[in-house]
Every structure is written in C-alpha cells, then in structure tokens.
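Okay, structure first, notes after.
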Amino acid sequence: MYRTPFPYYYDIVGSFLRTETLKAAKRQYKQGDMSAVKLKRIENQAVRELVKKQKEAGLKAVTDGELHRRWWHLDFLWYLNGIERRKYKERPEIFREEKTEPETLMICNRISFGNHPFLNHYKFLKSIAGKATAKMTIPSPAMLHLICCVHPETYRPIPAYRDEKNLFEDIITAYRKALKAFYDAGCRYLQFDDISWGEFCSKERREVYQKRGIKIEDLVEQYVWLVNQVLKGKPADMTVAIHICRGNFHSARIISGSYEFVAEKLFGECEADGFFLEYDSDRAGDFKPLRYIRDQKVVLGLFSTRSPEMEKDGDIKKKILEASDYVSLSQLCLSPQCGFASEEEQCFLTEEQQWEKIRIMKRIADDIWKKPAGA
Numbered sequence: 002m003y004r005t006p007f008p009y010y011y012d013i014v015g016s017f018l019r020t021e022t023l024k025a026a027k028r029q030y031k032q033g034d035m036s037a038v039k040l041k042r043i044e045n046q047a048v049r050e051l052v053k054k055q056k057e058a059g060l061k062a063v064t065d066g067e068l069h070r071r072w073w074h075l076d077f078l079w080y081l082n083g084i085e086r087r088k089y090k091e092r093p094e095i096f097r098e099e100k101t102e103p104e105t106l107m108i109c110n111r112i113s114f115g116n117h118p119f120l121n122h123y124k125f126l127k128s129i130a131g132k133a134t135a136k137m138t139i140p141s142p143a144m145l146h147l148i149c150c151v152h153p154e155t156y157r158p159i160p161a162y163r164d165e166k167n168l169f170e171d172i173i174t175a176y177r178k179a180l181k182a183f184y185d186a187g188c189r190y191l192q193f194d195d196i197s198w199g200e201f202c203s204k205e206r207r208e209v210y211q212k213r214g215i216k217i218e219d220l221v222e223q224y225v226w227l228v229n230q231v232l233k234g235k236p237a238d239m240t241v242a243i244h245i246c247r248g249n250f251h252s253a254r255i256i257s258g259s260y261e262f263v264a265e266k267l268f269g270e271c272e273a274d275g276f277f278l279e280y281d282s283d284r285a286g287d288f289k290p291l292r293y294i295r296d297q298k299v300v301l302g303l304f305s306t307r308s309p310e311m312e313k314d315g316d317i318k319k320k321i322l323e324a325s326d327y328v329s330l331s332q333l334c335l336s337p338q339c340g341f342a343s344e345e346e347q348c349f350l351t352e353e354q355q356w357e358k359i360r361i362m363k364r365i366a367d368d369i370w371k372k373p374a375g376a
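For the sequence shown, counting from 1, position 207 maps to 208 in our numbering; every step adds exactly one.
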C-alpha cells in the first residue's frame with residue numbers, strides 16, 4: 002500500500018489552548034450577549050493568529066487548534082445527519098468536580114454526511130495556511146459506535162439498525178463521503194482521534210465491559226474492519242493517521258495500560274498511514290508492542306500536555322532510541338501526547354508553556370533526524 006509523506010518528524014495532535022479573548026467571546030455567546038456572526042469573526046481571527054504562531058514555531062503541519070469547537074469529538078458527530086445532541090441525565094464521574102456541562106449524542110435516524118460546518122472550517126484553515134500543510138482532525142468512525150452503542154448500558158437501536166450491519170454500512174458511507182468532501186476542499190492530511198483503543202488497553206475498562214457481556218476481542222475486530230472499510234475510499238495522495246487517545250479532560254489521565262492487548266490487530270492490520278501514540282509516562286507500557294508495525298509512521302507522544310514540567314532533551318532522545326529497537330528510526334516521529342486543549346475549558350498549561358514544549362520538540366527532532374522536518 003502506498004504511504005503518504007505525513008506525519009512529519011515533529012508534528013502536533015491538533016488542539017491548542019484557547020486565548021482569554023476567545024473564551025470570553027464564547028461565554029458571551031452562550032449567555033446570549035453576542036451574535037453568531039460576531040463570534041465566528043472572533044474565532045476566525047483567533048485561528049489566523051494561531052496559524053501564524055504555529056508557522057513561526059517551525060511546524061510544517063498546522064491546524065485550526067479546534068478553536069471553533071467545544072469538544073474534540075462531539076461537535077463533528079453532532080452535525081452528522083441522524084445524530085441528536087443530548088445532555089447526560091447524571092454527571093459522569095470525570096465531570097463530578099467540573100463546571101463543564103457534560104454532553105453526549107444518540108442515534109435518532111439513519112446516519113449520513115451532509116452539509117457539514119467543519120468543511121468551511123477546513124477551507125478557512127487552508128486559505129491561510131500558505132506553504133504549511135493544513136491538517137484536519139475529526140473523531141474516528143469507531144467513536145460514533147463506541148459513544149452511541151457501547152458506552153450506554155441502556156442502548157436500544159432504532160428500527161433501521163436492529164440489524165447492526167446496516168449501522169456499520171451507514172457509518173462507512175458517511176465517513177467515506179466525509180473523506181471525499183475534505184479531499185475536494187484540498188485536505189491531504191487528516192487525523193482520526195479515537196479513545197476506543199485506549200480503553201481496550203486498560204485492564205480495568207476491559208473488565209467493566211466483560212461484566213456487561215461485551216466481548217472486547219469482537220470490538221477490536223469490528224473497529225479495525227470499520228476503519229479499513231472507510232479507508233478503501235481514501236485517495237492515494239491523502240494521509241489518514243489515527244491518534245490513540247487515553248483521555249485528556251482538564252489534564253486528567255483517564256486510561257492506562259500497555260498497547261499490547263490491541264497491538265497485533267491494530268498495528269498489524271489497520272491500514273491507517275500512521276499512529277499517534279501516547280507515551281508520555283510509563284502508564285502506556287514499553288515500546289515492545291511496536292514490533293507489529295509494518296510500514297506506517299509511528300508518532301511518539303513523548304511531550305505531556307497534562308503537565309507544565311518541561312521535558313529534558315536527554316530523556317526524550319533516549320526513549321526515541323528505545324523505540325527504534327522495534328521500528329526503523331525513519332518511520333518514527335515526535336509529538337505531544339495529546340492536544341493541548343481537548344475541550345474549550347482547556348488544560349493546566351499556560352500558552353507560553355505550550356509553545357516552549359513545541360520549541361523543545363522541534364529542537365530534538367532536528368537533532369535526531371539531522372534534516373529539516375518533512376524532508
């Protein structure tokens with residue numbers, strides 16, 4: 002299979018911290034004190050400033066920081082046809098001490114991809130990216146199934162999806178149309194964000210599912226198949242990478258566990274062009290699961306977006322060399338472990354700390370690979 006040139010030797014996951022100006026504008030909009038037109042104008046200006054900073058930092062791929070969104074995943078899914086936005090009846094555990102109002106979604110009709118607002122978000126990013134690669138991030142197709150059909154213990158399929166094959170077929174069709182729409186808008190670098198694999202790595206989470214009678218091995222098989230079916234519609238010159246997320250809400254780590262449980266199936270059979278893997282602490286285990294990687298890029302998420310402490314060059318270089326025991330150094334890349342703000346309430350880093358981590362990351366990558374990123 003032809004592999005596209007991205008990710009770069011140093012790259013980013015996607016989201017960035019919201020500025021105080023942008024957060025204030027979003028609050029005013031929610032309170033009814035600002036029009037949607039004015040908010041969009043402020044969001045676009047924030048994206049312009051962010052793209053400029055990314056390029057000044059030497060990043061070869063730039064994103065819009067997900068600044069138009071509230072959540073890294075829900076906003077995209079809410080705008081699919083057949084999906085309904087919902088609030089939780091009871092606050093999930095991770096939100097108990099938070100002011101953020103937890104939200105979710107449910108399937109209310111046949112799923113399809115239509116006139117999605119993220120297309121305009123991407124077109125705007127593309128128009129200001131210049132020579133940089135405009136990268137788009139969306140939740141993976143597996144996330145739609147996980148959130149709607151696996152997480153809720155009370156899930157009941159709508160009549161059209163009593164045969165689950167129909168549901169998977171519609172998800173595949175919707176995502177293939179999404180890929181084509183982004184491609185037609187000029188996108189050549191797209192990333193699926195996905196917490197399902199992180200959950201499957203966790204022994205604790207697997208036990209919870211098993212008690213409910215859910216066979217994790219079946220879900221692993223289904224989700225690799227699902228992603229591969231979507232990617233059959235991908236143009237050869239479009240990169241689709243997957244970020245295996247372990248949770249990043251308000252800098253809280255939600256999931257831990259080695260990649261070993263999913264590695265053979267995910268790394269050995271999934272046809273994504275690259276994997277962004279969180280390796281910022283020993284909770285992710287060692288690099289041995291990387292032995293199943295074939296010709297894909299592996300982006301080592303060695304910089305924490307959960308801690309303001311700056312990583313040391315020597316420690317990062319040592320881990321990269323350890324990973325190269327299992328994957329060729331030419332296939333390895335470097336990035337933060339997650340986005341800097343998975344939702345609009347952000348994490349516990351300052352903007353300066355955010356950019357300092359990127360500066361350190363670039364310096365190390367330039368030294369390790371001895372050539373300009375993207376060369």
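In this text, a Cβ means the ideal position worked out from N, Cα and C, and glycines have one as well.
Count the other CB atoms, across all protein chains shown, that sit within 10 Å of the CB of residue i; report buried if there are 16 or more and exposed otherwise.
i              : result
glycine 199    : buried
serine 329     : exposed
aspartate 12   : buried
alanine 1      : No statement about residue 1 is possible, as the shown extent of the chain runs from 2 to 376 and does not include it.
glutamate 94   : Its pLDDT being 47, under 50, glutamate 94 is placed unreliably by the model, and the measurement read from it follows with that caveat. With fewer than 16 Cβ atoms within 10 Å of its Cβ, glutamate 94 is classed as exposed.
isoleucine 215 : exposed
leucine 322    : exposed
lysine 136     : buried
arginine 97    : Residue confidence is low: arginine 97 scores 43 on pLDDT, short of 50, so the model does not pin down where it sits. No coordinate-derived value is stated.
alanine 253    : Unreliable positioning characterises alanine 253 in this predicted model, as indicated by a pLDDT of 47, which lies under 50. The coordinate reading is nonetheless provided below. When all chains shown are included, alanine 253 counts as exposed.
glutamine 192  : buried
alanine 376    : Confidence at alanine 376 is low in this model, with a pLDDT of 45, below 50, so its placement is unreliable and the value that follows should be read with caution. By the 10 Å Cβ count, alanine 376 comes out exposed.
lysine 166     : exposed
Determine the DSSP secondary structure at residue i, reduced to helix, strand or coil.
i                : result
alanine 122      : At residue 122 the sequence reads histidine, which differs from the alanine that was named. Reduced to three states, the DSSP call for histidine 122 is helix.
phenylalanine 77 : helix
aspartate 194    : strand
leucine 147      : helix
glutamate 50     : helix
glycine 269      : helix
leucine 301      : strand
glycine 275      : strand
arginine 254     : Bear in mind that a pLDDT of 49 at arginine 254, under 50, signals an unreliable position, so the number given afterwards is only what the model happens to contain. The answer is coil: DSSP assigns arginine 254 none of H, G, I, E or B.
isoleucine 84    : strand
threonine 105    : strand
lysine 136       : strand
arginine 28      : helix
leucine 18       : coil
cysteine 334     : strand
valine 38        : helix
alanine 62       : strand
threonine 240    : strand
isoleucine 112   : strand
isoleucine 245   : strand
glutamate 57     : helix
glutamate 344    : strand
tyrosine 210     : helix
tyrosine 11      : strand
Would you say residue i and residue j are within 8 Å of each other, going by their C-beta atoms?
i                 : j               : result
isoleucine 196    : cysteine 149    : no
alanine 58        : phenylalanine 7 : no
serine 343        : valine 228      : no
lysine 298        : glutamine 332   : yes
serine 259        : glycine 286     : yes
glycine 83        : isoleucine 108  : yes
phenylalanine 201 : histidine 244   : no
glutamate 265     : tyrosine 293    : yes
glutamine 230     : leucine 18      : no
lysine 38         : aspartate 65    : Residue 38 is actually valine in this sequence, not lysine. Their beta carbons are not under 8 Å apart, which means valine 38 does not touch aspartate 65 by this criterion.
alanine 133       : lysine 56       : yes
Of all the options the options, which has the alpha carbon lying nearest to the alpha carbon of residue i?
i                 : options                        : result
tyrosine 190      : Gly340, Ile139, Asp171, Thr20  : Ile139
aspartate 281     : Met362, Leu78, Gln297          : Met362
phenylalanine 183 : Leu267, Leu126, Glu270         : Leu126
glutamate 67      : Arg364, Glu353, His122         : His122
methionine 311    : Ile365, Glu270, Asp296         : Ile365
threonine 174     : Arg163, Leu147, Lys235         : Lys235
glycine 131       : Leu220, Asp238, Gly187         : Gly187
glutamine 271     : Lys233, Leu168, Ser257, Thr306 : One detail in the question is off: residue 271 reads as cysteine in this sequence, not glutamine. The option with the nearest alpha carbon to cysteine 271 is Lys233.
isoleucine 159    : Arg71, Pro118, Arg111, Leu145  : Arg111
aspartate 274     : Leu106, Ile217, Cys334         : Cys334
alanine 237       : Arg87, Leu180, Val263          : Leu180
Could you give the C-beta distance for residue i and residue j, rounded to a whole number, given that I count them as a contact under 8 Å?
i             : j                 : result
tyrosine 327  : phenylalanine 288 : 5 Å
aspartate 171 : serine 113        : 7 Å
leucine 75    : leucine 106       : 6 Å
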